[in-house]
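Under this note's numbering, the first residue of the sequence shown is numbered -1, with each subsequent residue one higher. All residues carry an ideal CB built from backbone N, CA and C; glycine is no exception. A quick note: this is a predicted structure, and the numbers were derived from the prediction, not measured. A quick write-up on the structure given underneath.
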Amino acid sequence: MAEEFQPVFWVIYTAHLRISEAAGLNRGDWDPFTKRLNIERQFSHVTGKLEDTKTGQHGKIRLMHGGEEALERYIEAHPALPSDPMFYGPMGGRLTSGYIRKLWNRACADEGMTDFHVHDNRRTGLTTVMDATGNWKGVKMRGRHITDVAAQGYQDISDELDVAVMQALEAKAR
């Protein structure tokens, strides 16, 4: 994948964004002082316009380690006004969700990876949050879910958690 597009995937993973939310980011959404990303809109591939997020939930999210660094390097290398898009596409306009998906699919195909979708970065990131904290409230907040059930639906069991659950069950069975 072209180096110029890698930061968008770091941000998707480390801020647990939907593809349309990444496409809807503007430069002013990054606060370099608090190191938080303001999530308040998405780019609709249907209308071609900015609109409220899928759930109507907004949040200021601190990016995990690699995402913060990738975003700051990208912003430094590509200066823009606060009202400008965060990420630009190949023609100079807003990087759309369709193009983000195309880049991801091409990169996966180049690596021989099948059935790994860009949205799986969100799932993996939120699973990492749950594994690290054991806290559904944090998962719900970082994923901008309305209900606990919606947050729980995004969780995939990690190998580490699977082993821990099995060990706990075996200990109780003794």
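On the three-state DSSP scale, how would you describe residue i?
i, result
"A103", "Looking at the sequence provided, one finds Asn at residue 103 rather than Ala. Helix at N103."
"Q4", "helix"
"E66", "helix"
"N119", "helix"
"D113", "coil"
"K58", "strand"
"L35", "strand"
"R189", "For the chain, the structure presents residues -1 to 172; residue 189 sits outside this window and is missing."
"L124", "helix"
"R140", "helix"
"D50", "coil"
"D129", "helix"
"D82", "coil"
Closer than 6 angstroms by C-beta to residue i: which residues in its own chain qualify, once you throw out the five before and the five after it? Chain order, please.
i, result
"A68", "P5 and W8"
"V137", "L124, V127, M128 and A149"
"H63", "none"
Can you tell me where the alpha helix (DSSP H) holding residue i begins and where it ends?
i, result
"S18", "I17 to A21"
Is the beta carbon of residue i sitting closer than 9 angstroms to the one on residue j?
i, j, result
"R25", "L79", "yes"
"I59", "R34", "yes"
"D98", "A0", "Just to set this straight, residue 98 is Ile in the shown sequence, not Asp. Cβ atoms of I98 and A0: not closer than 9 angstroms."
Leaving out five residues on either side along the sequence, give the residues of the same chain with a beta carbon under 8 angstroms from the beta carbon of residue i.
i, result
"G96", "H43"
"W134", "M128, D146, A149 and Q150"
"G110", "none"
Could you work out which residue in the options is closest to residue i when comparing CA atoms only?
i, options, result
"D27", "A21, N36, E19 and T51", "N36"
Go through its chain and collect everything with a Cβ distance to residue i's Cβ below 7 angstroms, but skip five positions before and after it.
i, result
"G65", "W8, V9, Y11, T12 and A13"
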